[in-house]
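Working notes for the structure below.
In the numbering used here, the protein residues as written are 3 to 169.
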């Protein structure tokens, strides 16, 4: 894969640096994201949303770590560096919090029954796609797709039992 921020070389895509954004240039606004850690490989930051970040129009990124000892780090190579340094081979992922925000129904308006079903679904163990263990495993494989399936099952089941919910 190549784009304006990557060049293809033998060992994969490499970021070539931040791009210059001129004052009169139309660019996308900064994008907000969280670092969602599924497995705490280092034993330092825990799991869940461990940091808040911004992907800037020039493709650089900044991250503010949560917790007892917060800090800020800036990455000139943007998302590529964030995922390379902090991704731990799928144990942590960048999740944009501003995707689909335009015209979306406010989260606070979701019915309480649906919120509870999703909460329960998120707590269910999902099997590792590599070793099939339902709990912690040495694979550090992403269980994102399996988690999506569990949540979708909960939502679809709620929709099936709630007349008029899909409208």
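Glycine is no exception: its CB is placed at the ideal position from the N, C-alpha and C atoms.
In chain order, what residues of the same chain have a beta carbon less than 6 Å from the beta carbon of residue i, not counting five sequence neighbours either side?
{"i": "residue 106", "result": "Note that residue 106 scores a pLDDT of 46, beneath 50, so its modelled location is shaky; the value from the coordinates is reported in the next line. Closer than 6 Å at Cβ, skipping near neighbours: no residue."}
{"i": "residue 149", "result": "128"}
Tell me, which residues are paired with residue i by DSSP?
{"i": "residue 77", "result": "63"}
{"i": "residue 82", "result": "Residue 82 is not bridged to any residue."}
Who are the Cβ neighbours of residue i in its own chain at under 7 Å, not counting the five residues just before and after it?
{"i": "residue 103", "result": "Note that residue 103 has pLDDT 47, beneath the 50 cutoff, so the model's placement of it is unreliable and the number below is only indicative. Excluding residues within five positions, none has a Cβ falling inside 7 Å."}
{"i": "residue 1", "result": "In the structure as shown, the chain starts at 3 and stops at 169, and residue 1 therefore has no counterpart that could be examined."}
What span of residues does the beta strand (DSSP E) with residue i cover, start to end?
{"i": "residue 33", "result": "33 to 39"}
{"i": "residue 54", "result": "50 to 57"}
Would you grab the beta carbon distance between residue i and residue j for me? Rounded to a whole angstrom, and I think it's under 8 Å.
{"i": "residue 57", "j": "residue 80", "result": "6 Å"}
{"i": "residue 124", "j": "residue 153", "result": "7 Å"}
{"i": "residue 78", "j": "residue 21", "result": "11 Å between Cβ atoms; not a contact."}
{"i": "residue 100", "j": "residue 24", "result": "Wrong, their Cβ atoms sit about 24 Å apart, outside the cutoff."}
{"i": "residue 84", "j": "residue 48", "result": "Residue 84 to residue 48, Cβ: 18 Å. No contact."}
Going by DSSP, what residue range makes up the alpha helix (DSSP H) through residue i?
{"i": "residue 156", "result": "146 to 163"}
{"i": "residue 122", "result": "114 to 125"}
Q.
Using 8 Å as the cut-off, can you tell me whether the stretch 138 to 157 makes contact with the stretch 116 to 128, which would need three or more C-beta pairs spanning the two stretches below that distance?
A. By the criterion of at least three beta-carbon pairs nearer than 8 Å, the stretch 138 to 157 is in contact with the stretch 116 to 128.
Q.
Would you call the stretch 29 to 39 in contact with the stretch 88 to 96, where contact means no fewer than 3 C-beta pairs closer than 8 Å?
A. yes
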